[in-house]
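For the sequence shown, our numbering gives the first residue as 650, with consecutive numbering after it.
Glycine included, C-beta positions come from ideal geometry on N, C-alpha and C.
This structure is a prediction, so every number in the text was calculated from the model and none was measured.
Since the structure comes first, as structure tokens, the remarks are kept for the end.
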Amino acid sequence: MTDDDQKQRMAQLEDRLSAARKAQAPKPRADEHYSMANMAWRMVIELVAGLGIGFGIGYGLDRLFGTLPIFMVLFIMLGLAAGVKTMLRSAQEIQEKTLADEAKQNAKDRDQPPATGDTD
């Protein structure tokens, strides 16, 4: 075997190895992306958590000071506002991610040359 034959065989082996690596490369899982139900539950949990934390703080202050449930009502309203704000921030984050994915897909589609259907 000559040196050129060995180089050629090595190049062919490298090509086959790279093709095998591409075939065996892990593919992204379909369930890694949030489904709409998961996003909805996330937002509901954020809202309920805000209400719960507000209730807990308000109830604790009312018990500490021996007042009417004035602090509880006040902090429930603040917890509701915080929960809604967090929920809206999550919705905006999801919308931005969706728009970025769509823009990326549109850019990829524009970069691909159109298929020619010559069947003569």
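- Taken through DSSP and simplified to helix, strand or coil, Ala674 comes out as coil.
- DSSP places Thr651 in no alpha helix (DSSP H); its state is neither H nor E.
- Per the C-alpha coordinates, the member of Arg658, Lys757, Val697 positioned closest to Ala731 is Val697.
- Put simply, the backbone Cα of Phe720 is about 36 Å away from that of Gln744.
- If you draw a straight line from the Cα of Pro718 to the Cα of Ser739, it comes to about 31 Å.
- The way I'd put it, the region 723-737 does touch the region 688-708; three or more beta-carbon pairs between them come closer than 8 Å.
- A Cβ-Cβ separation of about 6 Å places Leu700 in contact with Leu729 under the 8 Å criterion.
- When DSSP states are grouped into helix, strand and coil, Thr716 belongs to the coil group.
- CA-CA distance, Glu742 to Asn687, rounds to 14 Å.
- Residue environment analysis places Gly703 among the buried positions, since at least 16 neighbouring C-beta atoms fall within 10 angstroms of its C-beta.
- Assigned with DSSP and collapsed to three states, Ser684 falls in coil, not helix or strand.
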